[in-house]
Amino acid sequence: MHTPSGTSHANTPRDASAQERRASAWSSLGGARAIVENEAAAQQVRDPSTDTGSHRGGWPRSLLGVLRNAVVGLALLSAIPLALIGSGRTVVTRDSVRLVAQATRVDHLRVLRAPINQAISPQEAGAALRRLSTGTPTNTFPLQSSSAVHDRPWQRIELSSDMFPTMRTPQFKGPANFMVIAKTVEGYSAKEMAYLREVANAPVWADFDAVATAANVDLVGSMSGTTMSSKVTTLSQFPSISFSGNKQLAFAAVSRAAYYEASGDHAEAERVLRTLVSYGFTLIDQGAGGIDAMLGRVIVDIGRDGLWHFYTIRGRSEESVLVEPLPLAASVTTPVWRSATDIAADGHLPRTVRLEALSSLSLQSCGSLRTVLTGPSAATKRAISDARASMVRYPSEHALFDLIERSVEHGPELDYGNAYNPIVGIAQVVSAVTGNPRVANCTVLAASIKPN
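What follows is the structure in structure tokens.
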């Protein structure tokens with residue numbers, strides 16, 4: 003999931019225990035400790051011979067004094083972090099509106115998707131995606147086990163200096179994806195064709211094609227299974243599929259198409275490129291959030307560029323116009339403002355965009371003192387409930403929505419870092435005493451935002 007822009011992160015382990023944080027806060031805060039010491043003093047039993055008040059009030063009066071001091075102490079503790087939260091610096095939401103614009107910018111290319119294979123089940127497609135994507139586990143959220151990772155010849159083979167000498171790029175060990183199709187007109191050497199053949203015949207493409215052509219993919223289940231521990235409280239802990247690994251796979255897919263084009267199999271070259279476009283749309287439509295949407299957007303564009311070169315050299319001007327690169331000015335638009343709940347309710351938008359909007363609601367839990375103190379509003383809870391009813395297809399996605407609900411109740415969990423901040427320490431004490439994690443989490447968010 004995305005991290006709010008302008009926040010400061012460090013390498014503090016996310017799974018540091020609440021007890022450790024609380025102990026650190028108590029030991030380092032003179033003010034907080036003084037309150038606790040006063041509280042302890044208030045609870046001491048006075049000597050009846052020296053305390054005349056004890057005869058008059060007895061234990062009820064002492065109990066009221068303890069409660070009064072506890073309330074005053076907690077109020078004092080709460081005042082400082084809540085003042086920071088209320089300062090107006092925490093009105094931060096994920097840029098769901100911009101994500102809508104980016105993810106839907108390629109919608110006109112959906113006509114180029116490869117035909118759907120109805121024989122592939124969502125779980126089979128999810129398992130194939132899991133084999134393709136090594137993924138990135140988190141400390142609190144391990145990945146589902148997977149079978150052996152596929153061999154990827156483009157990572158293993160070292161190109162000699164006479165192979166694709168003018169087509170090298172730092173982004174990919176093989177020939178540049180934006181040149182390899184067009185260069186088929188000039189022809190490739192025997193060594194270059196041998197390389198392209200090995201790439202094209204790699205077993206990895208069976209899983210790639212299955213993911214790209216499945217009607218639906220249980221992506222969440224393939225990464226996390228059908229249940230999620232209640233200890234997982236934020237969507238940022240959900241393991242994401244490999245961004246760089248899938249991008250490399252897309253570059254290699256263009257080399258795969260180049261092999262068929264150079265061999266004279268033009269129909270197969272086009273099928274491979276359209277399958278690449280489909281793979282990108284699968285990530286946009288079936289993913290778990292904004293990262294998957296942006297990865298899919300990148301892959302669709304890689305496929306679009308390959309098709310543009312293919313249609314150009316084949317003289318298919320009608321199709322080439324559809325996939326030609328947009329001028330920069332035309333690709334930059336000002337998105338129309340929409341609320342996160344409105345985006346989440348829009349069934350015409352990709353699932354990833356709607357899920358990202360829902361995940362941003364955990365940040366909006368810090369948008370006002372009321373939500374920090376009392377939790378998400380009825381409208382927020384209703385938005386999540388309505389989205390669950392319209393979006394959930396598999397048990398794994400029910401578990402994902404359970405996690406969304408926990409994240410909104412819990413507030414955003416960010417790493418503040420090693421730098422000592424007394425206000426954050428106070429907030430951790432307040433959260434521990436009241437059982438309200440939003441006080442600490444929203445204070446960390448507020449303290450992390452850099453002023454303009």
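Here this note's numbering is used: the first residue of the sequence shown is 3, the next is one more, and so on.
Each residue gets a CB set at the ideal place from its N, CA and C atoms; glycine is no exception.
Computed from a prediction, not measured in an experiment: that's the story for all the values here.
Query                                                                                                             : Result
Short Cβ contact (8 Å threshold) for ARG258 with VAL201                                                           : yes
Proximity winner among ARG306, GLU320 and LYS249, relative to ARG115 (alpha-carbon distances)                     : ARG306
C-alpha gap between SER409 and ALA401, whole angstroms                                                            : 12 Å
DSSP-derived helix/strand/coil call for GLY55                                                                     : In this prediction, GLY55 scores a pLDDT of 45, lower than 50, which makes its location untrustworthy; no coordinate-derived value is stated.
Same chain, Cβ closer than 6 Å to ASP294, five either side skipped, listed in chain order                         : LEU285 and THR354
Coil, strand or helix - THR168 by DSSP                                                                            : coil
Close-in-space but distant-in-sequence residues of the same chain around VAL93 (CB under 6 Å, 5 per side omitted) : Residue placement at VAL93 is flagged as unreliable, the pLDDT there being 44, under the threshold of 50; a coordinate-derived value is accordingly withheld.
Beta-carbon proximity list for TYR281, same chain, < 7 Å, skipping 5 on both sides                                : PHE210, VAL213, ALA214 and ILE301
Extent of the continuous alpha helix (DSSP H) to which VAL323 belongs                                             : 319-325
Close beta carbons around THR171, own chain, < 6 Å, minus the five adjacent residues each side                    : ALA178
Own chain, CB closer than 7 Å to ALA184, minus 5 neighbours either side, in chain order                           : HIS311 and ILE315
Pair within 8 Å by beta-carbon distance, TYR396 and ASP220                                                        : yes
Nearest candidate by alpha-carbon position, reference SER387, set GLY223, CYS444, ILE406 and LEU375               : ILE406
Run of the alpha helix (DSSP H) containing PRO424, from where it starts to where it stops                         : 424-436
Same chain only: Cβ atoms within 6 Å of TYR190, ignoring 5 sequence neighbours per side                           : ALA264
Buried or exposed by the 16-neighbour rule on C-beta atoms within 10 Å, applied to TRP207                         : buried
In DSSP terms, what PHE467 is bridged to                                                                          : What is shown of the chain runs 3 to 454, which leaves residue 467 out entirely.
Candidates LEU447, LEU324 and THR277: closest to ASN119 by CA position                                            : THR277
Simplified DSSP assignment, three categories, for HIS152                                                          : coil
Between the CA atoms of GLN125 and THR455 - distance to the nearest angstrom                                      : An answer regarding residue 455 cannot be provided, because it is not within the stretch 3 to 454 covered by the chain.
Simplified DSSP assignment, three categories, for HIS311                                                          : helix
Run of the alpha helix (DSSP H) containing PHE283, from where it starts to where it stops                         : 268-288
Reduced DSSP category for ASP404 - H, G, I as helix; E, B as strand; rest coil                                    : helix
Three-way DSSP call (helix, strand, coil) for GLU188 in this model                                                : coil
Nearest-angstrom beta carbon gap, ALA290 and VAL222 [assumed within contact, 8 Å]                                 : 5 Å
C-beta atoms of LEU198 and ASN248 nearer than 8 Å                                                                 : no
Exposed unless 16 or more other CB atoms sit within 10 angstroms - verdict on THR168                              : exposed
Residues near ARG154 in its chain [Cβ-Cβ closer than 8 Å; skip 5 each side]                                       : ALA204, VAL206, GLN250, LEU251 and ALA254
Endpoints, alpha helix (DSSP H) assigned at ASN203                                                                : From DSSP, ASN203 is part of no alpha helix (DSSP H); its letter is neither H nor E.
Euclidean distance between Cα positions of ASN443 and ILE345                                                      : 25 Å
Delimiting residues of the alpha helix (DSSP H) encompassing GLN120                                               : Premise fails: GLN120 is in no alpha helix (DSSP H) and is neither H nor E.
Cα-Cα separation, VAL435 to ALA391                                                                                : 36 Å
Alpha-carbon spacing of ASP424 relative to SER367, whole angstroms                                                : Residue 424 is actually Pro in this sequence, not Asp. Distance between the alpha carbons of PRO424 and SER367 is about 22 Å.
PHE403 versus ALA429, THR373 and LEU363, residue with shortest Cα-Cα distance                                     : LEU363
Span of the alpha helix (DSSP H), counted from its first residue to its last, around MET230                       : Segment: none, MET230 is in no alpha helix (DSSP H) and carries neither H nor E.
Nearest candidate by alpha-carbon position, reference GLY308, set PRO414, GLU326 and LEU360                       : GLU326
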